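>
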Amino acid sequence: MVLTGFMFNYMLRVNLTIAIVAMVEPTNKTMTIDNDTTTAHYHEYECYKPPAVSLIPDDNATSDATMKPPVAELEQTRFNWDEPTQNLILGCFFWGYVLTELPGGRMAELFGARRIFGYSMLIASIMTLATPLAANISHYAVVALRVVIGFTLGATWPAIQPMASKWIPPMDRSKFIANMMASSLGAALTMPMCGYLIAHLGWESVFYVTGTISIVWSILWFLLVFDSPAEHPRIADEERRFIENAIGTGTAKGKPPSVPWGKMLTSLPVWAIIITHAASVFGYFTVVNQLPTYMKNILGFNIKENGLLSSLPYFGKYFFAITTSYIADYLRKSGTLSTTAARKLFTGFAVGVPGLFMLSLVFFGCDRFWSVFFFTAALTINGAVTAGYLGNGLDIAPNFSGTIFGLANTLSSSGGYISTYMVGVFTNNNQTFNQWSKVFGVLAGTYTTGALMFLIFGSGDMQEWNNPKKETKEDPEAQQEMLPVRTKH
385 MVLTGFMFNY MLRVNLTIAI VAMVEPTNKT MTIDNDTTTA HYHEYECYKP
435 PAVSLIPDDN ATSDATMKPP VAELEQTRFN WDEPTQNLIL GCFFWGYVLT
485 ELPGGRMAEL FGARRIFGYS MLIASIMTLA TPLAANISHY AVVALRVVIG
535 FTLGATWPAI QPMASKWIPP MDRSKFIANM MASSLGAALT MPMCGYLIAH
585 LGWESVFYVT GTISIVWSIL WFLLVFDSPA EHPRIADEER RFIENAIGTG
635 TAKGKPPSVP WGKMLTSLPV WAIIITHAAS VFGYFTVVNQ LPTYMKNILG
685 FNIKENGLLS SLPYFGKYFF AITTSYIADY LRKSGTLSTT AARKLFTGFA
735 VGVPGLFMLS LVFFGCDRFW SVFFFTAALT INGAVTAGYL GNGLDIAPNF
785 SGTIFGLANT LSSSGGYIST YMVGVFTNNN QTFNQWSKVF GVLAGTYTTG
835 ALMFLIFGSG DMQEWNNPKK ETKEDPEAQQ EMLPVRTKH
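So for the sequence shown, the working numbering puts the first residue at 385; every next one is plus one.
1. Based on the DSSP secondary-structure assignment, which residues constitute the bridge partners of residue 665?
2. Looking at the secondary structure, which residues open and close the alpha helix (DSSP H) in which residue 409 lies?
3. Can you tell which of 408, 775, 673, 461 has its C-alpha closest to the C-alpha of residue 474?
4. Quick check: residue 785 and residue 772, are their CB atoms within less than 8 Å of each other?
5. Is residue 843 near residue 660, with beta carbons less than 8 Å apart?
6. So is residue 445 buried or exposed if we call it buried at 16+ other beta carbons inside 10 Å?
7. Output the boundary residues of the alpha helix (DSSP H) element that contains residue 623.
8. Using 10 angstroms around the beta-carbon of residue 875, count the other beta-carbons present and answer buried if the total reaches 16, otherwise exposed.
9. Taking 8 Å as the threshold (C-beta atoms), are residue 591 and residue 516 in contact?
10. I'd like the span of the alpha helix (DSSP H) that includes residue 792, first residue to last.
11. At what residues does the alpha helix (DSSP H) containing residue 606 begin and finish?
12. Suppose you measure from the CA of residue 675 to the CA of residue 583; what does that come to, to the nearest Å?
13. What does a CB cutoff of less than 7 Å around residue 730 pick up in its chain, not counting 5 residues either side in sequence?
14. May I have the straight-line CA-CA distance separating residue 551 from residue 653, to the nearest angstrom?
15. Might you give, ordered along the chain, the residues of its own chain that have their beta carbon closer than 8 Å to the beta carbon of residue 605, omitting 5 neighbours on each side?
16. Using alpha carbons as the reference points, say which of 669, 549, 788, 851 lies closest to residue 823.
17. Secondary structure at residue 685, three-state DSSP: helix, strand or coil?
18. Leaving out five residues before and five after residue 795 in sequence, what residues of the same chain have Cβ atoms less than 7 Å from its Cβ?
19. Let's test the definition: count the other Cβ atoms within 10 Å of the Cβ of residue 741 and tell me whether it reaches 16, buried, or not, exposed.
20. Is the beta carbon of residue 539 closer than 8 Å to that of residue 496?
21. Going by beta-carbon coordinates alone, are residue 570 and residue 391 separated by less than 8 Å?
22. Count the other C-beta atoms from every protein chain shown that fall within 10 angstroms of the C-beta of residue 868, then say buried if there are 16 or more, exposed otherwise.
23. Between which two residues does the alpha helix (DSSP H) holding residue 779 run?
24. When burial is assigned at 16 or more other CB atoms within 10 Å of the CB, is residue 404 buried or exposed?
25. How many angstroms separate the CA atom of residue 527 from the CA atom of residue 533?
26. Can you tell me where the alpha helix (DSSP H) holding residue 471 begins and where it ends?
27. Grab me the residues of residue 491's own chain with a C-beta within less than 6 Å of its C-beta, minus the 5 sequence neighbours each way, in chain order.
28. Taking all protein chains shown into account, do 16 or more other C-beta atoms lie within 10 angstroms of the C-beta of residue 838, making it buried, or fewer, making it exposed?
29. Rounded to the nearest angstrom, how far is the Cβ of residue 800 from that of residue 665, given a contact under 8 Å?
30. Buried or exposed for residue 645, please, with buried defined as at least 16 other CB atoms from any protein chain shown within 10 angstroms of its CB.
31. Along the alpha helix (DSSP H) that carries residue 462, what are the first and last residues, could you check?
32. Would you please state the rounded distance, in angstroms, between the beta carbons of residue 764 and residue 700? I believe it to be under 8 Å.
33. Does residue 573 come out as helix, strand or coil in the three-state DSSP assignment?
34. Can the beta-carbon of residue 793 be found closer than 8 Å to that of residue 546?
35. Taking Cβ positions, are residue 774 and residue 561 nearer each other than 8 Å?
36. Can the beta-carbon of residue 408 be found closer than 8 Å to that of residue 574?
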């Protein structure tokens with residue numbers, strides 16, 4: 385359920401990034417070919433020249449050799465939204481998203497991830513169904529909806545970390561955190577699906593289909609998922625005891641301890657997670673939100689090709705996340721690498737190498753093949769963050785892993801809006817490869833900074849402030865925490 389939850393979580397987030405390509409009037413230059421009463425319109429792309437099309441049948445050529453005009457896209461409602469408006473619509477998601485990251489993690493520590501994740505997904509799904517209506521009212525209505533969707537989904541990512549601290553043994557947490565990369569699998573499946581829906585049913589169908597799927601999932605979540613082994617009504621006693629013994633003393637039982645804010649906010653390993661996550665997600669969000677636009681306006685891919693090719697990096701990221709998380713946990717269990725060494729190795733690889741690929745796009749990004757290759761390779765390798773910093777909060781402070789991830793995601797979410805604003809500034813009324821190469825240069829520098837930060841300051845050792853001293857004198861609540869988690873008769 386966690387795996388599919390993150391798939392559908394990202395489906396609700398990225399559906400607009402491909403749909404907006406079909407929602408707006410084309411902004412490319414056109415050239416018109418007149419041939420008696422036949423007129424054809426073609427987009428003119430800087431990095432792609434469509435093959436010449438003969439509108440006059442050639443009696444000397446076979447029917448297969450005679451080129452035909454491209455098939456027209458489905459007639460549907462389009463809006464006259466310029467680049468700043470489009471980037472406002474794409475970026476406003478993060479206005480709401482950033483507000484609930486930190487409280488979402490802490491609320492999950494206090495009240496449980498089941499409620500926080502489940503209700504957030506349900507509300508976002510309902511708002512998604514209303515998107516076509518909002519678009520026909522005003523782009524401001526779409527902005528308002530996307531802010532609400534961002535507000536609800538912002539709490540979901542940090543909410544899962546406290547659940548992992550109660551269900552997953554320490555040496556298996558990289559594999560569990562890899563389930564969060566199912567978001568990439570969700571994006572990979574959503575983009576070609578959206579391309580197909582747009583081509584055959586219109587862009588409105590994207591929101592109806594994705595919203596309905598997520599509502600069904602939300603209902604199943606509440607029926608099947610529980611916050612801890614102690615609360616699960618159908619778990620076997622033997623399995624419950626095994627999980628609780630494997631988790632050990634790193635995770636508090638009973639009432640969650642108060643957050644040691646001073647020590648947490650002055651901890652260099654915590655800031656290594658925060659800065660590295662912000663850098664990695666800044667690059668990821670830029671690609672997620674802008675890749676379909678780049679592929680259409682610069683490389684000249686049509687809506688079906690766009691959806692399919694835009695999905696390739698996300699398939700790669702998910703499968704690489706799964707593979708590297710198993711490798712990391714094996715290396716740690718076998719004693720080949722310490723937790724600190726493993727986290728640094730995989731983080732340096734996952735965040736540093738994509739920086740090199742973004743730099744390569746500055747020089748080769750006008751070539752269709754190399755663009756697809758570098759985008760796919762960069763996001764594929766970035767999947768190794770599951771074996772690196774992404775689960776590092778569970779290593780250094782499992783009692784406050786939700787709060788740490790909330791802090792990290794708060795900063796990274798701000799970067800999500802900044803990235804859309806940056807692209808809008810660079811490309812407004814100037815959709816050229818030269819302007820996009822500036823975007824790639826910024827991404828290269830950001831990735832490199834994040835990798836260096838974790839290599840220098842990251843750690844895999846549990847911090848002493850994870851278990852703050854408790855007042856235990858005649859405190860009935862503290863005494864209750866010493867009792868068995870659950871007794872089943």
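In this text, a Cβ means the ideal position worked out from N, Cα and C, and glycines have one as well.
The structure presented is a predicted model; accordingly, all values stated were derived computationally and were not measured.
Quick answer:
1. Position 281 of the sequence shown holds residue 665. Beta-bridge pairing links residue 665 to no other residue.
2. The residue labelled residue 409 in the question sits at position 25 within the sequence shown. Boundaries for residue 409: no alpha helix (DSSP H) harbours it, and the DSSP string shows neither H nor E there.
3. Sequence index remark: in the sequence shown, residue 474 carries index 90 (1-based). 673 is the residue among 408, 775, 673, 461 whose C-alpha sits nearest the C-alpha of residue 474.
4. On the sequence shown, position 401 is the one that residue 785 refers to. On the sequence shown, position 388 is the one that residue 772 refers to. No, they are not a contact pair.
5. For this step, residue 843 is matched to residue 459 along the sequence shown. For this step, residue 660 is matched to residue 276 along the sequence shown. One thing to note: residue 843 has its Cβ no nearer than 8 Å to the Cβ of residue 660.
6. Taking the sequence shown and counting its residues from 1, the one referred to as residue 445 is at position 61. At residue 445, the pLDDT of 45 sits below 50, so the modelled position is not reliable; the number obtained from the coordinates is stated separately. Exposed.
7. Mapped onto the sequence shown, residue 623 falls at position 239. In the DSSP annotation of this structure, the continuous segment of the alpha helix (DSSP H) that includes residue 623 starts and ends at 621 to 631.
8. Any property of residue 875 remains undetermined from this structure, which presents the chain solely from 385 to 873.
9. Start at 1 with the first residue of the sequence shown, and residue 516 comes out as number 132. Start at 1 with the first residue of the sequence shown, and residue 591 comes out as number 207. In contact: residue 516 and residue 591 (Cβ atoms closer than 8 Å).
10. Locating residue 792 in the sequence shown gives position 408, where the first residue counts as 1. Start and end: 785 to 811.
11. Along the sequence shown, read from residue 1 onward, the residue named residue 606 stands at position 222. Membership of residue 606 in the alpha helix (DSSP H) is indicated by the continuous run 588 to 608.
12. The count along the sequence shown starts at 1 and reaches residue 675 at position 291. The count along the sequence shown starts at 1 and reaches residue 583 at position 199. The alpha-carbon separation between residue 675 and residue 583 amounts to approximately 19 Å.
13. The residue you call residue 730 lines up with position 346 of the sequence shown. 708, 712, 768, 771, 772, listed in sequence order.
14. On the sequence shown, residue 551 is found 167 positions in, with the first residue counted as 1. On the sequence shown, residue 653 is found 269 positions in, with the first residue counted as 1. Counting only the Cα atoms, residue 653 lies some 24 Å from residue 551.
15. Here residue 605 refers to the residue found at position 221 when the sequence shown is read from its first residue. Only 385, 389, 498, 501, 502, 505 meet the Cβ criterion.
16. For this step, residue 823 is matched to residue 439 along the sequence shown. Closest in alpha carbon position to residue 823, among 669, 549, 788, 851, is 669.
17. Against the sequence shown, residue 685 aligns to sequence position 301. Coil, per DSSP.
18. By 1-based counting over the sequence shown, the position of residue 795 is 411. So the qualifying residues of the chain are 658, 662.
19. For the purposes of this step, residue 741 is taken as the residue at position 357 of the sequence shown. Within a 10 Å sphere around the beta-carbon of residue 741 sit 16 or more other beta-carbons, which makes this residue buried.
20. The residue labelled residue 496 in the question sits at position 112 within the sequence shown. The residue labelled residue 539 in the question sits at position 155 within the sequence shown. Annotated as distal: residue 496 and residue 539, with beta-carbon spacing of 8 Å or more.
21. Sequence index remark: in the sequence shown, residue 570 carries index 186 (1-based). Sequence index remark: in the sequence shown, residue 391 carries index 7 (1-based). Yes.
22. Here residue 868 is taken as the residue at index 484 of the sequence shown, counted from 1. Confidence at residue 868 is low in this model, with a pLDDT of 41, below 50, so the placement of that residue should be treated as unreliable; the coordinate-derived value is given next. So residue 868 counts as exposed.
23. Your numbering for residue 779 matches position 395 in the sequence shown. Residue 779: member of the alpha helix (DSSP H) spanning 776 to 780, first to last residue.
24. Here residue 404 corresponds to residue number 20 of the sequence shown, with the count starting at 1. That one is buried.
25. Mapped onto the sequence shown, residue 527 falls at position 143. Mapped onto the sequence shown, residue 533 falls at position 149. If you take the alpha carbons of residue 527 and residue 533, they lie about 10 Å apart.
26. By one-based count along the sequence shown, residue 471 stands at place 87. Where residue 471 is concerned, the enclosing alpha helix (DSSP H) stretches over 467 to 475.
27. Translated into the one-based positions of the sequence shown, residue 491 becomes position 107. Correct list, in chain order: 500.
28. Residue mapping note: residue 838 aligns to position 454 of the sequence shown, counting from 1. Classification for residue 838: buried.
29. Here the question's residue 800 lines up with position 416 in the sequence shown. Here the question's residue 665 lines up with position 281 in the sequence shown. Taking the Cβ atoms as the reference, residue 800 lies roughly 7 Å from residue 665, within the contact range of under 8 Å.
30. As a position in the sequence shown, residue 645 is number 261, starting the count at 1. Burial call: exposed.
31. Along the sequence shown, read from residue 1 onward, the residue named residue 462 stands at position 78. Looking at the DSSP string, residue 462 is not in any alpha helix (DSSP H), and its letter there is neither H nor E.
32. Working through the sequence shown from its first residue, we reach residue 764 at position 380. Working through the sequence shown from its first residue, we reach residue 700 at position 316. The distance from the Cβ of residue 764 to that of residue 700 is about 3 Å, consistent with a contact at the 8 Å cut-off.
33. Along the sequence shown, one-based indexing puts residue 573 at 189. Three-state DSSP puts residue 573 in a helix.
34. For the purposes of this step, residue 793 is identified with residue 409 of the sequence shown, where counting begins at 1. For the purposes of this step, residue 546 is identified with residue 162 of the sequence shown, where counting begins at 1. Residue 793 places its beta carbon 8 Å or farther from that of residue 546.
35. For this step, residue 774 is matched to residue 390 along the sequence shown. For this step, residue 561 is matched to residue 177 along the sequence shown. Pairing residue 774 with residue 561 gives a Cβ-Cβ distance under 8 Å.
36. As a working mapping, residue 408 is identified with position 24 in the sequence shown. As a working mapping, residue 574 is identified with position 190 in the sequence shown. No.
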